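2 protein chains.
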Amino acid sequence: MRTVQVELGERSYPIYIDSGLLGQAGTYLEQHGLTKKSPLLIVTDDHVAPHYLGKLEAQLQDHGYTTVSAIVKSGEASKSLSVFEDVMTVAIKGGLDRSSAVLALGGGVVGDLAGFVAASYMRGIKFVQIPTTILAHDSSVGGKVAINHPLAKNMIGAFHQPEFVLYDLETLQSLPPRDVSAGLSEMIKHGLIQDADFAKWCKEHAQQLLALDAETLGYGLERGCSIKAHVVSQDEREGGLRAILNLGHTIGHAIEAVAGYGEFLHGEAISVGMAGSALLAVKMGRDASVYEETMALLQAFHLPTTLPAYLNVDEIMAAMMHDKKFKEGFMVFIIPDAIGAVSIVSDIPEQDVRDVLEQLRDGGEAIV
Amino acid sequence: MRTVQVELGERSYPIYIDSGLLGQAGTYLEQHGLTKKSPLLIVTDDHVAPHYLGKLEAQLQDHGYTTVSAIVKSGEASKSLSVFEDVMTVAIKGGLDRSSAVLALGGGVVGDLAGFVAASYMRGIKFVQIPTTILAHDSSVGGKVAINHPLAKNMIGAFHQPEFVLYDLETLQSLPPRDVSAGLSEMIKHGLIQDADFAKWCKEHAQQLLALDAETLGYGLERGCSIKAHVVSQDEREGGLRAILNLGHTIGHAIEAVAGYGEFLHGEAISVGMAGSALLAVKMGRDASVYEETMALLQAFHLPTTLPAYLNVDEIMAAMMHDKKFKEGFMVFIIPDAIGAVSIVSDIPEQDVRDVLEQLRDGGEAIV
Ligand SMILES: NC(=O)c1ccc[n+]([C@@H]2O[C@H](COP(=O)([O-])OP(=O)(O)OC[C@H]3O[C@@H](n4cnc5c(N)ncnc54)[C@H](O)[C@@H]3O)[C@@H](O)[C@H]2O)c1
Ligand SMILES: NC(=O)c1ccc[n+]([C@@H]2O[C@H](COP(=O)([O-])OP(=O)(O)OC[C@H]3O[C@@H](n4cnc5c(N)ncnc54)[C@H](O)[C@@H]3O)[C@@H](O)[C@H]2O)c1
Ligand SMILES: [Zn+2]
Ligand SMILES: [Zn+2]
Numbered sequence: 001m002r003t004v005q006v007e008l009g010e011r012s013y014p015i016y017i018d019s020g021l022l023g024q025a026g027t028y029l030e031q032h033g034l035t036k037k038s039p040l041l042i043v044t045d046d047h048v049a050p051h052y053l054g055k056l057e058a059q060l061q062d063h064g065y066t067t068v069s070a071i072v073k074s075g076e077a078s079k080s081l082s083v084f085e086d087v088m089t090v091a092i093k094g095g096l097d098r099s100s101a102v103l104a105l106g107g108g109v110v111g112d113l114a115g116f117v118a119a120s121y122m123r124g125i126k127f128v129q130i131p132t133t134i135l136a137h138d139s140s141v142g143g144k145v146a147i148n149h150p151l152a153k154n155m156i157g158a159f160h161q162p163e164f165v166l167y168d169l170e171t172l173q174s175l176p177p178r179d180v181s182a183g184l185s186e187m188i189k190h191g192l193i194q195d196a197d198f199a200k201w202c203k204e205h206a207q208q209l210l211a212l213d214a215e216t217l218g219y220g221l222e223r224g225c226s227i228k229a230h231v232v233s234q235d236e237r238e239g240g241l242r243a244i245l246n247l248g249h250t251i252g253h254a255i256e257a258v259a260g261y262g263e264f265l266h267g268e269a270i271s272v273g274m275a276g277s278a279l280l281a282v283k284m285g286r287d288a289s290v291y292e293e294t295m296a297l298l299q300a301f302h303l304p305t306t307l308p309a310y311l312n313v314d315e316i317m318a319a320m321m322h323d324k325k326f327k328e329g330f331m332v333f334i335i336p337d338a339i340g341a342v343s344i345v346s347d348i349p350e351q352d353v354r355d356v357l358e359q360l361r362d363g364g365e366a367i368v
Numbered sequence: 001m002r003t004v005q006v007e008l009g010e011r012s013y014p015i016y017i018d019s020g021l022l023g024q025a026g027t028y029l030e031q032h033g034l035t036k037k038s039p040l041l042i043v044t045d046d047h048v049a050p051h052y053l054g055k056l057e058a059q060l061q062d063h064g065y066t067t068v069s070a071i072v073k074s075g076e077a078s079k080s081l082s083v084f085e086d087v088m089t090v091a092i093k094g095g096l097d098r099s100s101a102v103l104a105l106g107g108g109v110v111g112d113l114a115g116f117v118a119a120s121y122m123r124g125i126k127f128v129q130i131p132t133t134i135l136a137h138d139s140s141v142g143g144k145v146a147i148n149h150p151l152a153k154n155m156i157g158a159f160h161q162p163e164f165v166l167y168d169l170e171t172l173q174s175l176p177p178r179d180v181s182a183g184l185s186e187m188i189k190h191g192l193i194q195d196a197d198f199a200k201w202c203k204e205h206a207q208q209l210l211a212l213d214a215e216t217l218g219y220g221l222e223r224g225c226s227i228k229a230h231v232v233s234q235d236e237r238e239g240g241l242r243a244i245l246n247l248g249h250t251i252g253h254a255i256e257a258v259a260g261y262g263e264f265l266h267g268e269a270i271s272v273g274m275a276g277s278a279l280l281a282v283k284m285g286r287d288a289s290v291y292e293e294t295m296a297l298l299q300a301f302h303l304p305t306t307l308p309a310y311l312n313v314d315e316i317m318a319a320m321m322h323d324k325k326f327k328e329g330f331m332v333f334i335i336p337d338a339i340g341a342v343s344i345v346s347d348i349p350e351q352d353v354r355d356v357l358e359q360l361r362d363g364g365e366a367i368v
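As you go down the protein sequences, you meet chains D and Y in turn.
When we follow UniProt numbering, the leftmost residue of the first sequence carries the number 1, and every step to the right adds one.
When we follow UniProt numbering, the leftmost residue of the second sequence carries the number 1, and every step to the right adds one.
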C-alpha cells in the first residue's frame, strides 16, 4: 500500500493507493470517524455506477452506514448548476445533515461536482474522494472543487479538502483507452513542472502506463500526487506558487469551452495547451529542446498536440479573456524554462498568444 | 460614528454605523486596500437601486473604481440558483478577476446572495456589505451566506466574511413600515438570547425605533451587532454556541418555506417562531412570564405572533424535517429559559412541536 500525506495543517489528509481498496471503504470511513447516525451521499456517473456503485453501497451498508446515491450523466456537462441542483435535491430528500459526508465515486467531473456539493450543502459538510480515473490523481489533491458557468470553466467553486482519498487501482482497469491517455497527461504535467527525472521515467514507462500495469501505475500515481501535494501544501489557496499547476491550462480550458464541454477530454485539451506553452517558451527565448522534448513526451502517450481546424482562434482568445488566470488585465502563463522547471510569467502580449494558437494548427512547424 | 469590531482572527472586520456613509464608500474601499485595477460588482435589488445605486456608482467612480451592477428582483425569491447564475454572468461579462470584490447594496436577501457569489466566484473573492435594512444588522455579521433550495431555505451556502460593513443610517429612511418591524424582530432576538437589559431597552424605545430615529436606531444596531459579533467570534462555524442565534428560526424558516418565499417576511416568520419557542419553553416547565414578556415585546413592534389558518401544520412539520437544525435525527430547538437567556435543547419530541404549532393558531391561548 502506498500513502501520500497532503500536509495542510488541520486540513491535512492521506491518499491511500492500492488494489482492492473499494472493498474496504467501510473500514476506512470508520477509521476516519465518519458517523453512522447520518446518511452518506454517494455521487457517481452512469459509466462508473454499473461497475462499482453496487459494490460500494453494499460495502458501506455491511458496515452499518446508510447511503443515498446520485447518478449523474458521464461527462463534463454534468459540472453544471442544474446538475448541482439535482444532486442537492437528492441530498435533501435523503436527509443528509451537518454530520453527513459526500463520497465522490468517479473521475474529476464527479469529484469536482460532489466536492462543491459538499462545500456548500448546509455551508459545508465532510467529503471523501474515491477516484476511478487516472486524471483524478490530480483533481483529488488540493481541495479545488468547482462547476462550470456556460461562459467559463470552473468559475463557480470553493476550496474544500476531503477527509481522505481512497484510490483503488483495480477500478482503473475499466477505463476507456482515451481516458487512460488523457489522465496520464496530468501525470506528465507533474513531471514537467517540477521533476525532470519523473518526466523521464514517464516517457520510459509509457507502454506499461498505457497498459495499466498496476505496479507501474501505482508508482506514477504516488509520484504525481506527491508533487501536487507538495506544491499545494506551500500555497493552499493559490496566492502564487500553486499557479504552476496550471501549465497548459490557460489554453486548455479555452479549448474545452470553445469546443463545447465534453468534445475534448480535459487531459487532451491541456496536452495541446502544454504544447502551446512550450511554443510560447521558445518564442520567448527558451531553448528549442524544451518544445521538442515536451512534444516527444506527449506523443509517447498518443496525446493531441495540435489545434483542429474547426476551432476558431478568435473564440479561443475570447474564452481566455474570461478565464481566471488573468489578473488585473494581464495575461498570465506558466512557461517551461526546461523540462522539470517552469516560471509564472504575467505580462505575455496578446499577439504572441494568438501567434502560438495559429502555429498550433500546423503542429508548431512555423516556429521551431 | 459607531464601530463594532467582529473578532475572527485574521478574518476580523469592522462594522461602521453612521448617517451619510454611502457618500464616503470610495474612501472606505481605499482604506481597506481594495484595488482599482479590477472591476467591482455591485449587487442590489430593484427597490433599493432607484434610491441608492446611482449614488454608490458615482461615488466609487469618482474614486477611480470601475463598477458593474447586477439588479435582482426585490424579495426572497431572488435567493435562488437561477438568480445566482444570472449574477455570476454579470460578474464574468464584467471581467471580474481574483482581485475584484462584490459589494452587497441592500437587505439580507441581497447580502446573502451577493455573499455566496463572492464566496464561490473563482472559488472566493472579496466581499463588502452595505446593508440598507434593519434586518441586515443581523445578516451582515458572521459571514453566513446562502441561497435557497426549493425544498429548504439557506441550504446552499458558505461561510464568507466581508472585508467590512458600511451601515448608512440614512438609507433606512426609505424602508417600508412592514420591513422596519420585521427588521427589528432580529434586534429583539439579540436581546432575548443574551441581554435582558437590551430587550427591556428595545421595548421602552419601540416608538423611536419604529419611527427610525437615527440616534436610537444607531444604538440599537450597534448593540444588536455587538451581541451577534460576540457569539460568532466564539463559534464562527456553528459548532455549538452559535446555534442560539437561531431562536425562532426552526419554526420561522418552515413557515417561510411553506407560505412560499416572500409571503412572510423573514423577521415576521421568526417572530411567530419566537412566540412558538416561548410556548415550547412553558410546555417544558419554564415560567409562564417568559411567554408573556416575549409576546409583549413582539407586539410592541406590531410583529405577528400567530399562525394564519391557511398554513398547514403537517407541511410545516415536514419542512422542519428538512431544515438543517436537525442533527442526527433529533429535533433541536433554542428554548428561552428567561428573557436574555436561552438553552440549546436537542431532544424535543415531535408531538410537542406539533402541539405548539396548533396553539400558535389560537394565539397561544390553549397553553398559558
Ligand atoms: N479539482 C482539481 O484540482 C482538478 C484537477 C484536474 C482536473 N479537474 C477536473 O477533472 C475533470 C476531468 O476528470 P476526468 O478526466 O477524470 O473526467 P471524468 O470524470 O469525466 O471521467 C472520464 C470518463 O471516464 C469515465 N469513467 C470514470 N471512471 C471510470 C472507470 N473506472 N471505468 C470506466 N469509465 C470510467 C467517466 O464516466 C467519463 O466518461 C475536469 O472537469 C477537470 O476540470 C479538476
Ligand atoms: N446571513 C445571515 O446571517 C442572515 C441573518 C438573518 C437573515 N438573513 C436573511 O436575510 C433575508 C432577509 O433580509 P431583509 O429583511 O433585509 O430582506 P430584503 O433584502 O428582502 O429587504 C426587505 C425589503 O426591503 C427592500 N429594501 C431594502 N432596503 C431598502 C431601503 N433602504 N429602502 C426601501 N426598500 C428597501 C427590499 O427590496 C425588500 O423588498 C432573508 O433571506 C434571511 O434569510 C441572513
Ligand atoms: Zn487539469
Ligand atoms: Zn434570521
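The C-beta atom is built at its ideal place from N, Cα and C for all residues, glycine as well.
The structure presented is a predicted model; accordingly, all values stated were derived computationally and were not measured.
Item                                                                                                                                                                                                : Value
Could you spell out the range, first to last residue, of the beta strand (DSSP E) harbouring PRO14(Y)?                                                                                              : 13–18
Look at the Cβ atom of ILE339(Y), then the Cβ atom of LEU247(Y), and state whether they are nearer than 8 Å.                                                                                        : no
Are the C-beta of GLY260(D) and some C-beta of chain A separated by less than 8 Å?                                                                                                                  : Among the chains of the structure shown, chain A does not appear; the protein chains present are D and Y.
Are any of the Cβ atoms in chain D nearer than 8 Å to that of MET122(Y)?                                                                                                                            : yes
Return no unless some Cβ of chain D is closer than 8 Å to the Cβ of PHE333(Y).                                                                                                                      : no
Within a Cβ cutoff of 7 Å, which residues of the same chain sit near GLY260(Y), ignoring the five residues on either side of it in sequence?                                                        : none
Checking contacts by CB at 8 Å: is ILE348(D) closer than that to chain Y?                                                                                                                           : no
Hey, out of MET317(Y), ASN312(Y), PHE198(Y), whose CA is closest to ILE251(Y)'s CA?                                                                                                                 : MET317(Y)
Does the Cβ-Cβ distance between LEU103(D) and LEU41(D) come in under 8 Å?                                                                                                                           : yes
Let me know if residue 396(D) comes out buried or exposed under the rule of 16 or more other beta-carbons within 10 Å of its beta-carbon.                                                           : Absent from the structure is residue 396(D), since the part of chain D shown begins at 1 and ends at 368.
Considering only residues of the stretch 130–199 of chain Y, which uninterrupted alpha helix (DSSP H) runs meet the minimum length of 4 residues and lie entirely inside it, listed in chain order? : 136–139, 177–194
Does any CB atom of chain Y fall closer than 8 Å to the CB of ILE92(D)?                                                                                                                             : yes
Looking at the secondary structure, which residues open and close the alpha helix (DSSP H) in which GLN351(D) lies?                                                                                 : 350–361
Report all residues for which the CB-ligand distance to some heavy atom of ligand 3 is below 6 Å; order them along the chain.                                                                       : ASP138(D), GLU186(D), HIS249(D), HIS266(D), ILE270(D)
Do you know how far the Cα of GLU263(Y) is from the Cα of TYR310(Y)?                                                                                                                                : 12 Å
Contact check, PRO162(D) vs PHE116(D) under 8 Å by CB: the rounded distance?                                                                                                                        : Wrong, their Cβ atoms sit about 13 Å apart, outside the cutoff.
Nearest to GLN351(Y) by alpha carbon, out of LYS283(Y), ILE344(Y), ARG178(Y), ALA300(Y)?                                                                                                            : LYS283(Y)
Of the residues THR171(D), GLY142(D), VAL83(D), ARG98(D), which one's Cα is nearest the Cα of LYS36(D)?                                                                                             : ARG98(D)
Could you round the C-beta distance between LEU172(D) and LEU135(D) to whole angstroms and report it? I think they count as a contact, below 8 Å.                                                   : Wrong, their Cβ atoms sit about 10 Å apart, outside the cutoff.
Taking the alpha-carbon of SER69(D) as reference, which of PRO50(D), HIS266(D), TYR16(D), LEU303(D) has the nearest alpha-carbon?                                                                   : PRO50(D)
Against MET88(D), what residues of chain Y qualify as contacts under a CB-to-CB distance less than 8 Å, listed in chain order?                                                                      : HIS149, MET155, ILE156
Would a check of beta-carbon distances place HIS32(D) closer than 8 Å to chain Y?                                                                                                                   : no
Relative to ligand 2, is the shortest distance from any of its heavy atoms to the C-beta of HIS149(D) smaller than 7 Å?                                                                             : no
Provide the residue span of the beta strand (DSSP E) that contains PHE67(Y), from first to last.                                                                                                    : A quick correction: the sequence has Thr, not Phe, at residue 67(Y). Start and end: 67–72.
Against chain D, does GLN113(Y) count as a neighbour if the rule is that its beta carbon must be under 8 Å from one of theirs?                                                                      : For the record, residue 113(Y) in the displayed sequence is Leu; it is not Gln. Judged by the 8 Å Cβ criterion, LEU113(Y) is not in contact with chain D.
Checking 8 Å against the spacing of the C-beta atoms, do PHE198(Y) and HIS205(Y) come in under that value?                                                                                          : no
Below 7 Å on C-beta distance, what does residue 388(Y) contact in chain D?                                                                                                                          : As shown, chain Y starts at 1 and ends at 368. That puts residue 388(Y) outside it, with no answer to give.
Give the DSSP-derived three-state secondary structure of VAL368(Y) in the structure shown.                                                                                                          : Confidence in VAL368(Y) is poor, its pLDDT being 47 and thus under 50, which makes the residue's placement unreliable; the coordinate value appears in the next sentence. The answer is coil: DSSP assigns VAL368(Y) none of H, G, I, E or B.
Answer with buried or exposed for ARG223(D), where buried requires no fewer than 16 other C-beta atoms within 10 angstroms of its C-beta.                                                           : buried
Would you check if the distance between the CB atom of ASP46(D) and the CB atom of ILE17(D) is smaller than 8 Å?                                                                                    : no
For a test of the three-state rule: what should DSSP assign to LEU307(Y), helix, strand or coil?                                                                                                    : coil
Pull up the distance between the alpha-carbon of PRO150(Y) and that of MET88(D), whole angstroms please.                                                                                            : 10 Å
With 8 Å set as the bound, which would you pick, yes or no: does the beta-carbon of LEU40(Y) sit closer than that to a beta-carbon of chain D?                                                      : no
Does GLU85(D) get closer than 8 Å to chain Y when you measure Cβ to Cβ?                                                                                                                             : yes
Give the residues from the stretch 56–77 of chain Y that approach chain D closer than 7 Å (Cβ to any Cβ), ordered along the chain.                                                                  : none
Would you call the stretch 165–179 of chain D and the stretch 129–143 of chain D touching, i.e. three or more CB-CB distances under 8 Å?                                                            : yes
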